[in-house]
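Accompanying notes for the structure given below.
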Amino acid sequence: MVRQTPRLGAHLSVAGGLHLAFDAARKVRCDAMQIFVKNQRQWSAPPLSPDAVRAFREHPQAARVAPVIAHASYLLNLASADRAARAKSLAALTDELQRCEALGVAGLVLHPGAAGDSDMSSAIRRIAVALNDVLAAVPDGRCAILLETTAGQGSAVGWRFEHLADLLAGVEAGDRVGACLDTCHLFAAGYDFRTADDYALMIAELDRLIGVRRVRCIHVNDSVKPLGSRVDRHAHIGEGEIGLAGFRHFVNDPRWADLPMILETPKGEDDQGRDYDALNLQRLRRLIRRSRTPVD
Ligand SMILES: [Zn+2]
Ligand SMILES: [Zn+2]
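In structure tokens:
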């Protein structure tokens with residue numbers, strides 16, 4: 013029996029056209045990829061042209077680089093206590109979800125939001141209501157909204173598994189909403205998984221509160237900042253506070269077999285001119301044990 017391994021990939025630029033990300037993906041040997049489906053720092057964008065959709069869906073690499081995950085704009089805040097601000101975020105997320113549907117993207121990763129001055133539980137309630145509205149506005153959608161675990165900077169929602177559990181429980185179309193783990197965020201939020209025992213404890217807690225089946229994507233980033241710092245700074249794999257051992261647990265866990273694992277590490281080249289994404293992917297692949305024992 014051939015053992016299944018996660019689909020390793022990276023967040024890639026769509027400069028010059030969405031479909032060009034597929035070429036970049038093959039160049040650094042991605043099995044999967046993540047993209048922005050519109051400029052992530054602007055509220056509005058021109059609609060996708062039929063040509064852009066066709067070039068993306070019919071790209072020769074589309075069958076090999078899969079799944080494609082999208083990351084929602086950083087501007088969105090579904091938790092905002094301000095009704096107008098929340099409505100703006102809701103409209104923008106609906107537009108992003110519609111773009112994902114047109115492109116055949118499997119999941120749209122979303123930072124749940126920031127509570128601001130309000131308490132966490134009312135912030136979570138506002139997000140859940142907004143998510144229900146977004147999903148109702150895109151009926152029969154196939155792209156799942158994936159709520160990402162956050163580092164807990166400022167008033168960010170989502171740095172405890174309990175937050176995500178409450179959010180998921182508050183959404184009616186449960187199968188259209190899942191979770192995205194981010195290794196850097198987990199670690200910065202205080203979840204330690206550097207030893208096999210700590211990793212097992214963390215995943216047991218995740219399973220009890222959220223359910224491992226709800227996890228549809230994992231962002232693999234090392235952390236510049238220490239455990240529990242609540243500061244989100246991504247480092248190259250093995251070069252941060254997590255270290256290679258923490259990633260070994262993730263890439264060898266049969267529960268994540270076939271799941272996209274996406275790098276969001278700094279871009280560029282090392283001093284020997286090697287592409288950082290290619291290098292980080294290679295580091296992760298070397299951690300995968302080539303075991304002949306079948307996975308149950
Ligand atoms: Zn992430
Ligand atoms: Zn981050």
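With the first letter of the sequence shown counted as 1, position 181 gets the number 193 in our numbering; the numbers rise by one all the way through.
By construction, the Cβ of each residue, glycine as well, lies at the ideal position given by its N, Cα and C atoms.
Check                                                                                                                                         : Outcome
If you measure from the CB of H175, is any heavy atom of ligand 1 nearer than 8 Å?                                                            : no
Have a look at Y211 and R228 and give me their C-alpha separation to the nearest angstrom.                                                    : 18 Å
For the alpha helix (DSSP H) containing G182, list its first residue and its last residue.                                                    : 173-182
Helix, strand or coil for Q46? Go by DSSP, reduced to three states.                                                                           : strand
What's the gap between the Cα of K153 and the Cα of E113?                                                                                     : Residue 153 is actually Gly in this sequence, not Lys. The straight-line gap from Cα to Cα measures roughly 7 Å.
Can you tell me whether P59 is buried or exposed? The criterion is at least 16 other CB atoms within 10 Å of its CB, across all chains shown. : exposed
Report yes if the C-beta of H197 is less than 8 Å from at least one heavy atom of ligand 2; otherwise report no.                              : yes
The beta strand (DSSP E) spanning C155 covers which residue range?                                                                            : Element bounds for C155: n/a, residue is neither H nor E.
Since H231 is in the beta strand (DSSP E), which residue starts that stretch and which ends it?                                               : 227-232
Does the beta-carbon distance from C192 to N233 come in below 9 Å?                                                                            : no
From D145 to L102, what distance separates their C-alpha atoms?                                                                               : 8 Å
Would you kindly work out how many angstroms separate the C-alpha atoms of R267 and A257, rounded to a whole number?                          : 18 Å
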